[in-house]
Amino acid sequence: MRLNFSSSSSIGCASLLADTKNASPFAFMLAKLTDLLRDSKIEVVELLQEIRHLQEDLKEKIRERKYTFGKEYDYAMHDMKNAFSGMLACADVLRHGELEPADRQELLQLIQGEMERIVRLAGECHKNGVPLSIRPASIAKFLDTFVPFLRHHLFANRNITLQINMQYRGCIRIDLEKMEQAFLNIVYNARDAMPDGGTLTIATKRINAMVCIEFTDTGCGMSPELQAHFLEPFVTSGKPSGTGLGMAIVKEILDAHHGRIEVESAVNAGTTIRLCLPVK
Numbered sequence: 001m002r003l004n005f006s007s008s009s010s011i012g013c014a015s016l017l018a019d020t021k022n023a024s025p026f027a028f029m030l031a032k033l034t035d036l037l038r039d040s041k042i043e044v045v046e047l048l049q050e051i052r053h054l055q056e057d058l059k060e061k062i063r064e065r066k067y068t069f070g071k072e073y074d075y076a077m078h079d080m081k082n083a084f085s086g087m088l089a090c091a092d093v094l095r096h097g098e099l100e101p102a103d104r105q106e107l108l109q110l111i112q113g114e115m116e117r118i119v120r121l122a123g124e125c126h127k128n129g130v131p132l133s134i135r136p137a138s139i140a141k142f143l144d145t146f147v148p149f150l151r152h153h154l155f156a157n158r159n160i161t162l163q164i165n166m167q168y169r170g171c172i173r174i175d176l177e178k179m180e181q182a183f184l185n186i187v188y189n190a191r192d193a194m195p196d197g198g199t200l201t202i203a204t205k206r207i208n209a210m211v212c213i214e215f216t217d218t219g220c221g222m223s224p225e226l227q228a229h230f231l232e233p234f235v236t237s238g239k240p241s242g243t244g245l246g247m248a249i250v251k252e253i254l255d256a257h258h259g260r261i262e263v264e265s266a267v268n269a270g271t272t273i274r275l276c277l278p279v280k
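Those letters in the sequence shown? Residues 1 to 280, by full-length UniProt numbering.
Structure (structure tokens):
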């Protein structure tokens with residue numbers, strides 16, 4: 001998903017590919033997929049095939065250079081996996097759903113947004129990371145854009161209720177793309193902790209010079225032993241497909257923002273992840 005906060009900040013995939021061509025050896029691999037998305041009569045089966053081919057090709061290309069990339073390899077692969085999951089979920093809805101033209105276009109735009117994120121991740125990996133791009137952003141506008149994606153796509157057919165409680169709606173200084181990654185990693189964890197459904201509450205509030213964003217799920221919770229190492233790389237809650245990198249990435253992003261993470265959890269009593277960020 002690509003969160004756009006104004007028309008001037010929206011970047012088309014074609015220009016993005018051109019911008020990153022020299023920085024990343026992988027950007028050209030998205031060209032065919034981009035052409036497909038420009039076609040209003042796109043065949044969904046062909047789209048699914050191209051997404052899966054791209055996923056395997058990109059994984060292989062990055063794997064070949066793992067030892068050059070270092071830890072950026074693991075982090076990029078984790079976030080690319082989430083991006084490809086989003087693309088495939090949208091394509092699956094396109095294939096099975098009877099959609100209005102506007103809904104179909106929205107899904108194609110979401111796929112394009114995930115493509116843009118993959119290009120950026122590959123570029124960061126190739127360059128061994130890039131500096132943060134910190135700028136003021138409205139937390140209310142951020143969530144207003146983020147929440148529909150969760151409701152209509154990430155939580156689709158999962159019996160998960162999403163509740164929003166914004167006590168603070170003002171601005172914070174963040175790198176929008178990095179914070180999007182952090183939010184998505186937390187939400188994926190919350191979703192996986194509630195396989196039979198439940199409730200995820202996202203709340204914002206200001207405490208002195210900090211803005212806190214809380215993610216509270218009603219899932220399976222964590223033992224004290226798991227909590228003690230929850231933010232370390234390669235620590236998983238036991239799900240077969242887990243890499244154990246999601247929360248380590250979140251911690252690194254918060255550290256770079258001079259923020260902190262607080263975790264509250266108990267077995268069978270849910271989990272709260274609290275991100276605290278300086279207002280200035």
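Think of the CB as a built atom: it goes at the ideal place given N, C-alpha and C, for glycine as much as any other residue.
Inter-residue Cα distance where the pair is residue i and residue j
i      : j      : result
Lys178 : Leu132 : 8 Å
Val279 : Ser265 : 26 Å
Leu231 : Leu176 : 21 Å
Leu200 : Ala190 : 7 Å
Ala102 : Leu88  : 19 Å
Gln227 : Glu180 : 23 Å
His258 : Arg52  : 37 Å
Ile249 : Arg260 : 13 Å
Met80  : Ile118 : 6 Å
Leu154 : Gly198 : 14 Å
Ser223 : Leu162 : 24 Å
Glu262 : Ile273 : 6 Å
Ser24  : Leu54  : For Ser24, the predicted model reports a pLDDT of 43, less than 50, meaning its position is unreliable; a value from the coordinates is still stated below. Going from the Cα of Ser24 to the Cα of Leu54 covers about 15 Å.
Leu275 : Glu98  : 39 Å
7 Å CB neighbourhood of residue i in its chain, flanking five on each side removed
i      : result
Leu143 : Ile164, Met166 and Ile202
Met194 : Ile160, Asp217, Thr218 and Gly219
Leu107 : Cys90, Val93 and Leu94
Beta-bridge pairing of residue i - partner residues as DSSP gives them
i      : result
Leu277 : Val211
Lys178 : According to DSSP, which records beta bridges pairwise, Lys178 is partnered with nothing at all.
Met166 : Thr204
Thr271 : Asp217 and Ser265
Proximity test, Cβ basis, 8 Å: residue i and chain D
i     : result
Leu88 : You won't find chain D in this structure, because it holds only one protein chain.
Classification of residue i by the beta-carbon crowding that lies within 10 angstroms, buried from 16 upward
i           : result
Leu254      : buried
Arg169      : exposed
Phe149      : buried
Glu100      : exposed
Gly86       : buried
Ile111      : buried
residue 293 : Coverage of the chain is limited to positions 1 through 280, which leaves residue 293 absent and any answer about it impossible.
Ile207      : exposed
Glu116      : buried
Supposed close pair residue i, residue j - CB separation, criterion 8 Å
i      : j      : result
Leu184 : Asn268 : Actually they do not touch by this definition, with Cβ atoms about 25 Å apart.
Cys171 : Ala209 : Not confirmed; about 13 Å, so no contact.
Tyr188 : Gly270 : Actually they do not touch by this definition, with Cβ atoms about 16 Å apart.
Contact set for residue i: own chain, Cβ-Cβ below 6 Å, skip 5 residues either direction
i           : result
residue 283 : Because residue 283 is not part of the residues shown, which for the chain are 1 to 280, the question remains open.
Lys205      : Gln167, Tyr168 and Cys212
Beta-carbon contacts of residue i that lie in its chain and below 8 Å, excluding the five residues immediately before and after
i      : result
Arg151 : Leu162
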